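Student: Protein chains in written order, with this note's numbering: chain P, 1037 to 1179; chain Y, 1037 to 1179; chain S, 104 to 185; chain A, 104 to 185.
Ideal Cβ placement from N, Cα and C applies to all residues, glycine included.
As the structure is a prediction and not an experimental result, all values here were calculated from the model.
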Amino acid sequence: MFRVTREAIDLQGLVDFVTDPEAGAIVTFIGTTRNNNEGRKVIALDYEAYPEMAEKELARLGEEAKKRWDIRRMAIVHRIGPVRITESSVIIAVSAAHRADAFEACRFAIEEIKKSVPIWKKELFEGGEVWIGTQSGQPLPGR
Amino acid sequence: MFRVTREAIDLQGLVDFVTDPEAGAIVTFIGTTRNNNEGRKVIALDYEAYPEMAEKELARLGEEAKKRWDIRRMAIVHRIGPVRITESSVIIAVSAAHRADAFEACRFAIEEIKKSVPIWKKELFEGGEVWIGTQSGQPLPGR
Amino acid sequence: MKVKVKFFAILRERAGTGEITKEIRKGSTVAELWEALQRDYSKLAPVDMRLLYAVNQVYVKADYVLKERDEVVFVPPVSGGS
Amino acid sequence: MKVKVKFFAILRERAGTGEITKEIRKGSTVAELWEALQRDYSKLAPVDMRLLYAVNQVYVKADYVLKERDEVVFVPPVSGGS
Chain P
1037 MFRVTREAID
1047 LQGLVDFVTD
1057 PEAGAIVTFI
1067 GTTRNNNEGR
1077 KVIALDYEAY
1087 PEMAEKELAR
1097 LGEEAKKRWD
1107 IRRMAIVHRI
1117 GPVRITESSV
1127 IIAVSAAHRA
1137 DAFEACRFAI
1147 EEIKKSVPIW
1157 KKELFEGGEV
1167 WIGTQSGQPL
1177 PGR
Chain Y
1037 MFRVTREAID
1047 LQGLVDFVTD
1057 PEAGAIVTFI
1067 GTTRNNNEGR
1077 KVIALDYEAY
1087 PEMAEKELAR
1097 LGEEAKKRWD
1107 IRRMAIVHRI
1117 GPVRITESSV
1127 IIAVSAAHRA
1137 DAFEACRFAI
1147 EEIKKSVPIW
1157 KKELFEGGEV
1167 WIGTQSGQPL
1177 PGR
Chain S
104 MKVKVKFFAI
114 LRERAGTGEI
124 TKEIRKGSTV
134 AELWEALQRD
144 YSKLAPVDMR
154 LLYAVNQVYV
164 KADYVLKERD
174 EVVFVPPVSG
184 GS
Chain A
104 MKVKVKFFAI
114 LRERAGTGEI
124 TKEIRKGSTV
134 AELWEALQRD
144 YSKLAPVDMR
154 LLYAVNQVYV
164 KADYVLKERD
174 EVVFVPPVSG
184 GS
């Protein structure tokens, strides 16, 4: 399951999806909106995706993980739109016979998402907003 | 939250417990009963604990993780009694500002549980049962 | 010939639109299309970030030669995850 | 003086009981208590595994000197997790 959604992500649903009788370990990563970033008071993160390509890239990354580690199943769901403090922007769930594979594949997935998947976040903070990763020096002033 | 319980473990409850406005990452580890082990067809794992000491050891391990990594909150719940295929025997949830700390502290916790926490599992398999870690050669015949 | 261009995130805001159809010469590369778009949309240039190029939802190099009806996206630095 | 001994897992099964009270000499160590228990419960010996010792829910060394009403547990190899 490799999806982009506007809805809140259902953690238990993802874990159920990767649950497998051959698995002894499930590792999940949940990315949540933090109330601060580089000294700014964050109000929310607003995510935008190129959805068709983002889902393809997530699936490609899942295939890559299956080649590298002995894992059973993987699910990644990324939310788009505004994600408020403590809410989840992304959840990754990986099952494997043994825990080392599950940990490493899960870590790999979140690192790769941050490199190649066409999803962008705008940080809405007290006093302005900025597209993360595009800052040329100072954040843009609020509009 | 560091507990031993006879009930099924509520993943979402643990994640809610560690959710924190200062956290950007939550990592969970779920240990599940696998349908096979060393060539045996596993029916269930039956866990037993020295519960008061097990909870103290889990809490001690949580304190140790807080010293080593910059984490926000941690919860560990270990189930005892029979845990059937695909069911969870242990769930660890860790929140942190940054993902590296959450991953490393979670991995540390499960490795330490397997070393020091007074919990034991008896494997019930087709044809017998065995206390894992006490095998002197062959598994004991079924009774 | 015509290609479809989609803009996302900071480029969408700078272009003031999410999707356009653009007439280009046969044999144009994706890099040449980007140069033409910078002339059409003054706010796109100068771009102070490294862009990647995607055609029909796959990353391509700057010298990729476009075909009729290709869907082209100029990908600003991605920042998904959390 | 008396101490409480709890048996868990394989030792509980071998002893046929989960908890006993045992009379010992003052100054006895936890290792000496274990030797005495092996005489009381023939199935406990020989123990084909490495045991740890816990007194009042804290791990201790073999030469730990017991006190009246201590709660002693002989810890077989742990195997929690999954």
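State the Cα-Cα distance for the pair Q141/A and E171/A, rounded to the nearest angstrom.
Tutor: Cα-Cα distance, rounded: 21 Å.
Student: Would you mind working out which of V161/A, K107/A, P179/A, D143/A sits nearest L154/A, comparing C-alpha positions?
Tutor: When each option's Cα is compared against that of L154/A, the closest is P179/A.
Student: Contact defined as beta carbons within less than 8 Å: I believe P1154/P pairs with F111/S. What is the distance between those atoms, to the nearest angstrom?
Tutor: About 7 Å; that satisfies the 8 Å criterion.
Student: Going along chain S, which residues have a C-beta under 7 Å from I1112/P?
Tutor: Near I1112/P there are no residues of chain S at all, since even the closest Cβ is about 10 Å away, more than 7 Å.
Student: Whose C-alpha, out of A157/A, M104/A, S185/A, is nearest the C-alpha of R134/A?
Tutor: It is worth fixing the name first, because residue 134/A is Ala in this sequence and not Arg. The residue with the shortest Cα to Cα distance from A134/A is A157/A.
Student: Among V1040/Y, R1108/Y, G1169/Y, which has the Cα closest to the Cα of D1151/Y?
Tutor: Per the sequence presented here, residue 1151/Y reads as Lys, with Asp not at that position. That would be G1169/Y, whose Cα lies nearest to the Cα of K1151/Y.
Student: Excluding the five sequence neighbours on either side, which residues of its own chain have a C-beta within less than 7 Å of the C-beta of P1175/Y, listed in chain order?
Tutor: For P1175/Y, the pLDDT reaches just 41, beneath the cut-off of 50, and the residue's location in the model is therefore unreliable, although a value from the coordinates is still provided. The residues are G1164, V1166.
Student: Which runs of the alpha helix (DSSP H) fall wholly inside the segment 1062-1107 of chain P and span at least 4 residues, in chain order?
Tutor: Fully enclosed alpha helix (DSSP H) runs of 4 or longer: 1087-1104.
Student: Excluding sequence positions up to five away, which residues of its chain have a Cβ less than 7 Å from the Cβ of R1179/P?
Tutor: Below a pLDDT of 50, predicted positions are generally treated as unreliable, and R1179/P, at 31, falls in that range; no measurement from the model is reported.
Student: In chain P, which residues lie less than 8 Å from K109/S when you measure between Cβ atoms?
Tutor: Y1086, listed in chain order.
Student: Flag W1156/P as yes if its beta-carbon sits less than 8 Å from any beta-carbon of chain S, otherwise no.
Tutor: Yes, because at least one Cβ of chain S sits closer than 8 Å to the Cβ of W1156/P.
Student: Are the CB atoms of E122/A and K109/A within a distance shorter than 8 Å?
Tutor: Against a cut-off of 8 Å, the Cβ pair of E122/A and K109/A comes out as a contact.
Student: Between which residues of its own chain and F1161/Y is the CB-CB distance below 7 Å, once the five residues before and five after are set aside?
Tutor: The answer, listed in chain order, is R1076, K1077, V1078, I1079.
Student: So, does the CB of E1058/P fall closer than 8 Å to a CB anywhere in chain Y?
Tutor: It does; some Cβ of chain Y falls within 8 Å.
Student: CA-CA distance, K1158/Y and E1088/Y?
Tutor: Taking the straight line from one Cα to the other gives about 20 Å.
Student: Spatial neighbours of F1144/Y within its chain, please: C-beta separation below 6 Å, excluding the five flanking residues on both sides.
Tutor: A1101, listed in sequence order.
Student: Where does L169/S fall in DSSP's three states?
Tutor: Of the three classes helix, strand and coil, the one that applies to L169/S here is coil, per DSSP.
Student: Going by the C-beta, is D1082/P closer than 7 Å to any heavy atom of the ligand NAD?
Tutor: This structure does not include the ligand NAD; it has no bound ligands of any sort.
Student: Roughly how many angstroms separate the alpha carbons of A1095/Y and D151/A, rounded to a whole number?
Tutor: If you take the alpha carbons of A1095/Y and D151/A, they lie about 30 Å apart.
Student: Report the residues of the segment 1139-1151 of chain P with a CB closer than 8 Å to any CB of chain S, ordered along the chain.
Tutor: For the segment 1139-1151 of chain P, which is checked against every Cβ of chain S, the residues closer than 8 Å are I1146, I1149, K1150, K1151.
Student: Considering only the alpha carbon of each residue, which of G1049/Y, R1104/Y, R1108/Y lies closest to S1131/Y?
Tutor: Selected option, being the one with the closest Cα: R1108/Y.
Student: Using CA atoms only, rank isn't needed, just tell me which of G183/S, E116/S, Q160/S, A118/S is closest to V175/S.
Tutor: Considering only alpha carbons, the answer is Q160/S.
Student: Which same chain residues, not among the five before or five after G119/A, have their C-beta less than 8 Å away from its C-beta?
Tutor: The residues are Y144, K146.
Student: CA-CA distance, E116/A and K105/A?
Tutor: Spanning the two alpha carbons is a distance of roughly 23 Å.
Student: By the criterion of Cβ-Cβ separation under 9 Å, what are the contact partners of V1126/P in chain S?
Tutor: Result: G183, G184, S185.
Student: Which of the three DSSP states, helix, strand or coil, is assigned to S182/A?
Tutor: In this structure, S182/A counts as coil in the three-state DSSP scheme.
Student: Could you tell me how far apart the beta carbons of A1111/Y and L1047/Y are, in whole angstroms, since I believe they sit closer than 8 Å?
Tutor: The Cβ separation is near 10 Å, so there is no contact.
Student: Spatial neighbours of C1142/P within its chain, please: CB distance less than 6 Å, with the 5 preceding and 5 following residues excluded, ordered by chain position.
Tutor: Within the same chain, C1142/P has close Cβ partners V1063, F1065, I1128, V1130.
Student: Name the chain Y residues that come within less than 8 Å of Q160/A, Cβ to Cβ?
Tutor: The answer, in chain order, is Y1086, E1088, M1089, K1092.
Student: With DSSP as the reference, please indicate the residues paired to R1109/P in a beta bridge.
Tutor: Note: R1109/P sits in a beta bridge opposite S1131/P.
Student: Compare the Cα-Cα distances from K181/S to each of E1123/P, S1124/P, E1148/P and report the closest residue.
Tutor: Note on residue identity: the sequence assigns Val, not Lys, to residue 181/S. Nearest option by C-alpha distance: E1148/P.
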